[in-house]
Amino acid sequence: MTTREFARMMLGQLPAALRKVDPRTLWRNPVMFVVWCGSVATSVAAALDPGVSTIALAVWLWLTVIFGNLAEAVAERRGKAQADSLRATRADTTARRRAQDGTLEPVAATGLEVGDVVVVEAGEVIPGDGDVIEGIASVDESAITGESAPVIREAGGDRSGVTGGTTVLSDRIVVRITTAAGQTFLDRMIALVEGTSRRKTPNEVALEILLLSLTAVFGTVVLTLPPMASYAGASTPLVVLVALLVCLIPTTIGALLSAIGIAGMDRMVQVNVLAMSGRAVEAAGDVSTLLLDKTGTITIGNREAVDFLPLTGVGADELREAARLASLADQTAEGRSIVRLADRLAPDAAVVALPADARFVEFSATTRMSGVDLPGDVEIRKGAASAVQAWLGATATHELEGIVERIATDGGTPLVVGRAGPQGRVALGVVHLKDIVKSGMRERFEQLRRMGIRTVMVTGDNRLTAEAIAREAGVDDVLAEATPPDKLDLIRREQAGGRLVAMTGDGTNDAPALAAADVGVAMNSGTSAAKEAGNMVDLDSDPTKLIDIVAIGKQMLITRGALTTFSIANDVAKYFAILPAMFMAAYPALAGLNLMRLSTPESAILSAVVFNALVILALIPLALRGVRFRPGTAESVLRRNLLVYGLGGLVVPFVGIKLIDMIVSLLPGIG
Amino acid sequence: MSDTLAGLLTIGAVVLVLAAVYVPLGDYMARVFERTSHSRLERALYRVGGVDPDAEQSPRQYAVAVLAFSGVCVVALMALLMGQAALPMSRELPGVGWDTALNTAVSFVTNTNWQSYAGESTLGFTAQMAGLAVQNFLSAAVGLTVAVALVRGFTRSHAGTIGNFWVDLVRGTLRLLLPIAVLGALALMAGGVVQNLADTTATGVTGAPVVVPGGPVASQESIKLLGTNGGGFFNANSAHPLENPTALTNLLQVLLILVIPISLTRTLGTLLDNRRQARTILGVMLGLLVGALALTTWAEVTAQSDAARAAGAAMEGKESRFGVWASALFAVVTTGTSTGAVNASHDSMTPLGGGVVLLNMLIGEVSPGGVGSGLYGMLMVSILTVFLCGLMVGRTPELLGKRIGKPEMTCVALYTLTSPVLVLLGTGVAMALPPTLDAMGNPGQHGFTEVLYAYASAANNNGSAFGGLTVTSTFFQVTLAIATLLGRLVPIVLVLMLAGRLARQGLAPRTSGTLPTDGPLFAGVTTAVVLVVGALTFFPALVLGPVAEALS
């Protein structure tokens, strides 16, 4: 965003900021409430005894309050706009409810109850959150995800969840409503992006306690100053005390604190993740164990055939051709990859088409094989070694076992191809299917390790295969042959060791683990049970996003810490501006503390207040964008941030106040 | 021997001896509080007190025990002081007035040992021995118990208890303070400190008889320093020739002050099984101590006032047998711990030297702090530092595997708040009242510093006086007593509550994403937090006092 765009955006939010100048809402932010009280007191003083410096102080104190509100208003702006567009999609829908006897009755979407069954056809809006129990349909979810490509939703499996407010594009589905009206995903999403349901997060509360105690200390400092000063023969006008107090209390972080929280949630929304609470975003920064599903996260979803390994006595062509025939009608990605490999290896070979009366045998969980029955009683099967062996009715030869074992150790999946025909039943060889690790994963895991995050790959594969892939991808640990209870156990174990766990999941059987994880990211494509259990929903259904989520969580905490440090460090320079101004008349020797050589006491005090207000304005973009987070060890991150915000916080105000003084001192009655 | 050489030799000797005893004493203290067995004497004491020594206490029970014990001690000591006329060996002195008795009782029970009276002309030997000396032991032991309870908060996980106050108190007294105090007393006697039960008459240089004041001085002196108490037997405290006769006893006194607070960091390392953390905390303490010592010594040695030029050095208010270096050392050590014994008049120090000594107390006496209180004070500062730094690395802040959330931060914030509010309110109220001006010994900035120093000393349980200020009015007696009492007990209760919260937590593992709380970086930031928080809170007051004086 350019400076000009930013300025325009700020101006646009000015009315909203002004509306927030209300003590009834301000008191929730004690630091800014003190500033408000100070502004009122200074205004009264300026009205009773008008003077250039008093009036200028009053104006700048009010600006301090307004700038603080502006930060919040700007942070809320994007959410408000998004909420409005979501509301538009929640237009009154009429549902067609299916009664016990199968008849359909029209009912308002708001009148639907959990357990109701509705029928939705092409062109209709799904009236509420639920699971598809019959049929399959393509659904346009762009209203929620912003993604225009339609998605498939079907009964059974992990793609059965539908969201109210989305539109069925084709076919007809029957949906069982799982969420009561008013608490649907859309409703919650509106509340979230709008910030109406925003609660302070644990770290935010702890930080507020620190800010509150700093405010109390500085309040005591200012309160006890008049008797000390009067003994020294110095006067302490109310407006000067107010100026000192406002400059000392941590207004910078106090003004920006809530904006930082809102912006953190908003950054999640920008990467299309919906965090159900700020607490979840914050927990993401603390995560120290990341459970990642192998398929789709670490490896690209599908395995690919990379080699044909014929047994002795079987020609390479023979195996390739048999495997190709068995896969021609197989529409799975693996099957297609076998055909692709076969065609690539023998581009010139006469391509045998599948005979018309061939019968395709689909994969089933019981047989664990697929294949084809050709005319002439020839049957070809491909599948897991044990399954094909059983089908062949023969024990595996040493050679076959050796090949199978070698592929598995390598992280691949061996697919044994067998043929039964008039010549007998024989194993022909093995197709080597390989998991393809996504590019760049090794680097990302290395980054995570430096951040102190342990990655655990979760997979249903056997241990040998799993470990090979883990080595290739560079994850720290593997949970092989994992069942949903295994996942839950792992989470419990990690948590018992004091670690915070993040995971992704989409199936109903992931729900317990998602609920147990500190950060459970449900895929939007998943079942509603999964979405209900997690505390975040990834609208893009992209499991690699966990890594971004962790970074955003950390960034939010870093921004808070950095601005707090900056705020406190600023006080040193403000003291050097205001204290000599207050006491130079009584003790001329204190002129030595006027390090910045500010022109007059009035100008010094006003400059400090102006700086204090402008710093808030200047830091709004940083609060919204977040402090830049480069993954690294805690020590390196700390060193950098201390240098920038600690040391910077000490030095910047000396320069800033001096510059402002040079301008302010031109004002008549001040300079 | 030149003053500089003597000073450097003294400092060198202190460093050598402390380095030699650091490990054995530190580990011994860890055993004192860890062992499960009880001696026969201890069992007898527990039986008399109706205490089950093997039962642990919840934080609340522990805190109630501390408060009840302190309350009983205050009342008992007040009664003893007010009724001393009825006691044997009272040198026919009358009972002490109620306000002085209250102030003194509170002051000795809280390990402050602020003295608004002159020992030799106010108290009999029984009041000194049975009253003050006993409290010197017990108040130091209470400090130890609180520190040990906080350390248990870090070492335990999923625990509801933090130890047994009565057991910790008895052990700290009998196994640690008593044996070392006996050794210290013998050494002091050997060095010439008085130890008898009557004044003696000697023949002076003119031939006329001179009454030499006597008393059980060495025995009380030893624990006065070892327990970082600081209340002198005589009004002149460690500047008195019978309390601290030679440069050698002066060296011994500095050693006695530092030995437990410094070695306690070793105890921490042993109990935590984390030496690096202990070294880091020791490093911060020593850094602050050395910095204050360098500044004060430099200020005193290079003093440019007319009197200093005439005398060849800033010797006003200093004993010639100690010199500038040893006086600066004693002043820094006594204010960096919660001792408050003095071997020179702080009132007469240069503005900068006096200011540093004052700041030493205002930053909460953590360089290295009082017996026990220094360690828990530094751990509280470490938590504050961890909170700021932890957020800056993007994680919920953790210290030693314990997360610092809302309840923990509440305890730390209130702890940090307590002493500044007491000092500033006390000073502010005193300055607002006209009689204060008459109580001041000096006009201008120096007079203001005297008042600020008094409340800083009281609220931080130091007990040293800047001098000059007359604090015998009921107003000062009572307000200083209040500042002293709250300045001790409120932080203790908060520390125990925190210990309970920490003990209840599990232990988070350390990863490379965890902020390392050991090593030079963290030590540097902790030092900065101590100085910045102290400076920001007291800058206006310091500007009106020592800073204005130093600049003019």
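Listed in order, the protein sequences are those of chains A and B. Taking the working numbering, the leading residue of the first sequence gets 5, the next gets one more, and so forth. Taking the working numbering, the leading residue of the second sequence gets 47, the next gets one more, and so forth. C-beta: ideal position from N, C-alpha, C; glycine also. The model shown is predicted, which means the values in this text are computed figures rather than measured ones.
When only Cα atoms are considered, Ala227/B and Glu138/B end up about 29 Å apart.
Check the Cα spacing between Glu536/A and each of Glu9/A, Gln187/A, Arg157/A and Ala99/A: the tightest is with Gln187/A. Excluding the 5 residues flanking it on each side, His286/B has same chain C-beta neighbours closer than 6 Å at Phe280, in chain order.
A Cβ-Cβ distance of about 27 Å is found for the pair Asn466/A and Glu447/A, leaving them out of contact under the 8 Å criterion.
Using beta-carbon distances, Asp575/A counts as an interface residue toward chain B, with a partner under 7 Å. If you check the CB distance, Ile664/A and Ser603/A do not come in under 7 Å.
Around the C-beta of Lys84/A, fewer than 16 other C-beta atoms lie within 10 Å, and the residue is accordingly described as exposed. Less than 7 Å divides the Cβ of Leu430/B from the Cβ of Val575/B. Taking the C-beta atoms as reference points, Asp522/A is found nearer than 7 Å to Ala287/A. At a cut-off of 7 Å, the C-beta of Pro225/B has no neighbouring C-beta in chain A. Taking all protein chains shown into account, Met47/B has fewer than 16 neighbouring C-beta atoms within 10 Å of its C-beta and is therefore exposed. Distance from Thr191/B to Leu223/B at the Cβ level is roughly 12 Å; contact not present, criterion being Cβ atoms closer than 8 Å.
Burial state of Ile667/A is exposed, judged by a 10 Å Cβ sphere holding fewer than 16 other Cβ atoms. By the Cβ-count criterion, Asn539/A is buried, with 16 or more other Cβ atoms from all chains shown falling within 10 Å of its own Cβ. Judged by their CB atoms, Gly141/B and Met128/B are nearer to each other than the 7 Å cut-off.
By the criterion of a C-beta distance shorter than 7 Å, Arg372/A is surrounded in its chain by Gly387, Ala388 and Ala391, once the five residues flanking it on both sides are discounted. Taking 9 Å as the Cβ-Cβ cut-off, the segment 420-441 of chain B approaches chain A at Leu430, Phe433, Leu434, Cys435, Gly436, Leu437, Met438, Val439, Gly440 and Arg441, given in chain order. DSSP places Lys535/A in the helix class (H, G or I) of the three-state scheme.
At a C-beta separation below 8 Å, Met407/B has no neighbours in chain A, since its nearest C-beta there lies roughly 17 Å away. Closer than 9 Å at the C-beta level to chain A, one finds these residues of the segment 479-494 of chain B: Leu479, Thr482, Leu483, Gly490, Gln491, Gly493 and Phe494.
Counting only Cβ-Cβ distances below 9 Å, Leu318/B has no contacts in chain A at all, with the closest Cβ about 16 Å away. Relative to the Cα of Leu471/B, the nearest Cα in the group Leu227/A, Val479/A and Leu245/A belongs to Leu227/A. Residues of the segment 550-575 of chain B whose Cβ lies closer than 7 Å to any Cβ of chain A, in chain order: Gly552, Leu553, Ala554, Pro555, Thr557, Ser558, Gly559, Thr560, Leu561, Pro562, Leu567 and Val571. The DSSP-derived three-state label of Val263/B is helix.
Nearest CB-CB separation between Phe522/B and chain A: not below the 7 Å threshold.
Secondary structure within the segment 77-165 of chain B: the alpha helix (DSSP H) runs of 4 or more consecutive residues, fully enclosed, are 86-95, 105-128 and 144-155 (chain order). Its Cα nearest to that of Ser284/B, the residue Thr380/B stands out among Thr380/B, Ser351/B and Glu102/B. Interface annotation, Lys270/B: not in contact with chain A, CB-CB separation never under 7 Å.
The bridge partners DSSP lists for Pro635/A come to none. The residues Ala617, in chain order, have a CB closer than 7 Å to that of Leu67/A in the same chain once the five nearest residues on each side in sequence are set aside. In this chain, the beta strand (DSSP E) harbouring Ile384/A covers Val382 to Gly387. Counting the other Cβ atoms within 10 Å of the Cβ of Arg348/A gives fewer than 16, which makes it exposed. Closest option to Phe568/B, judged by alpha-carbon separation, among Leu446/B, Gly552/B and Val539/B: Leu446/B. The distance from the Cβ of Leu296/A to that of Val462/A is about 7 Å, consistent with a contact at the 8 Å cut-off. Not a single C-beta of chain B is nearer than 7 Å to the C-beta of Lys24/A.
Listed in chain order, the alpha helix (DSSP H) elements of length 4 or more contained wholly in the segment 293-367 of chain B are 293-318, 321-347 and 352-357.
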